[in-house]
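Notes for the one structure printed next.
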Amino acid sequence: MAVGWIDPLFVVSETHLPLSLVVMTNQVLSQPNIVFSFTVPLSDTRFISTKASSQFIYALSDTPPTTPEDPASSFSKHSLMIRVDLVFLHGILMFFAWGVIPPGAIFMARYLKESMNYWYHWHKYLFLFGSEGASRFFTSNHGIIGTVVVFIGYPLQMLLGFISNALYDEKRKSVPWYDQLHHWTGRIIMVLVLVQMQLGLDLYGASTGVIAAFWCWVVLILCCVFGFIGEYWLRVRLFSQNQAIELEER
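So for the sequence shown, our numbering puts the first residue at 1; every next one is plus one.
Structure representation (structure tokens):
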């Protein structure tokens with residue numbers, strides 16, 4: 001069941017309606033609009049068949065209005081998953097894939113090398129678990145950055161990680177170039193990810209509260225997790241304690 005009205009100031013693209021419509025009920029005059037119901041053909045993939053543009057706005061429902069002849073009759077929303085739901089689900093999954101798992105993997109590689117024997121395997125598997133498919137569209141900066149990160153930056157970073165681990169030498173006196181490239185590639189990717197998430201929130205039309213909550217999360221990760229726990233607690237304080245123990249043993 002579909003109900004629509006003509007709006008001469010708004011043109012719907014061909015991805016919405018075909019030219020031919022089969023009117024199901026009598027047209028009802030509602031103020032300046034003509035309200036009516038109609039059928040729309042489906043394609044083989046069970047989506048609305050599209051052929052041309054038209055000046056229609058329409059809504060879909062699994063059931064007809066309670067009183068079709070009354071323009072003010074209630075009209076329930078259809079139960080199928082729509083693009084808004086998919087975009088919301090995409091945002092939630094990508095938040096965990098890039099906003100939760102990678103910081104944990106980076107924290108493990110940066111601060112837990114000495115105290116965690118299997119840190120490399122956890123670091124590697126977390127990033128593999130957090131990997132995901134990229135958008136197929138290049139019509140926005142969000143799509144472009146996402147594609148670059150997933151298809152270029154992410155594979156390069158994984159390759160550099162495997163190389164750095166395979167060529168690791170405990171006796172080395174300096175950090176080799178491939179290790180430095182791995183470190184800086186990771187930093188650049190994480191900056192792009194933050195930009196990507198903000199662009200995604202803008203495209204979705206997220207509220208100011210949601211955007212503020214996201215950046216509060218970023219500040220929490222940087223300041224509390226990496227700044228206090230990582231740099232102060234695990235590096236400075238534990239390093240000082242280890243030095244004190246070594247001096248006592250001497």
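Glycine residues also receive a C-beta, built at the ideal position from the N, C-alpha and C atoms.
Contact belief for L199 with L181 at Cβ below 8 Å, rounded distance in angstroms: About 26 Å separates the two Cβ atoms, so there is no contact after all.
contact_flag[the segment 162-178, the segment 211-224] where n(CB pairs < 8 Å) is 3 or more: no
Range of the contiguous alpha helix (DSSP H) that encloses G161: 154-166
For Q196 and Q157, the rounded distance between their alpha carbons: Taking the straight line joining both Cα atoms gives about 18 Å.
Local conformation of R235 per DSSP, three classes: If DSSP states are grouped into helix, strand and coil, R235 belongs with the helices.
Validate contact between the segment 143-151 and the segment 187-196 using beta carbons, cut 8 Å, 3 pairs: yes
Proximal residues to L201 (C-beta, below 6 Å), its chain only, five neighbours per side dropped: I211
Collapsed DSSP secondary structure at R187 in the structure displayed: In this structure, R187 counts as helix in the three-state DSSP scheme.
Cα-Cα separation, A52 to C216: Low confidence applies to A52: its pLDDT is 49, below 50, so where it sits in the model is not reliable enough to give any reading.
Neighbour flag for C224 against chain D, beta carbons, 8 Å: Absent from the structure: chain D. Only one protein chain is present.
For L112, three-class secondary structure by DSSP: L112 falls in the coil class under three-state DSSP.
Alpha-carbon spacing of R110 relative to H90, whole angstroms: 29 Å
Distance between F96 and I229 (C-alpha atoms, nearest Å): 21 Å
Beta-carbon spacing of Y204, V100 below 8 Å: no
Residues near I106 by beta carbon distance below 7 Å, same chain, minus five either side: G186
Candidates L234, W233, V218: closest to P103 by CA position: V218
F214 - containing alpha helix (DSSP H), residue span: 208-219
Delimiting residues of the alpha helix (DSSP H) encompassing I144: Per DSSP, the unbroken alpha helix (DSSP H) holding I144 starts and ends at 141-148.
Cβ neighbours of L234 in the same chain (closer than 7 Å, five flanking residues each side left out): The beta carbon of L234 is closer than 7 Å to those of Y111 in its chain, skipping five residues each way along the sequence.
Among M108, G153, N141, G209, the one whose alpha carbon lies nearest that of F226: M108
Coarse secondary structure for D179, derived from DSSP in three states: In this structure, D179 counts as helix in the three-state DSSP scheme.
Integer Cβ distance of V175 from W98, believed to fall under 8 Å: Between W98 and V175 the Cβ distance is about 26 Å, and since that is not below 8 Å, they are no contact.
Which of helix, strand or coil DSSP assigns to G230: helix
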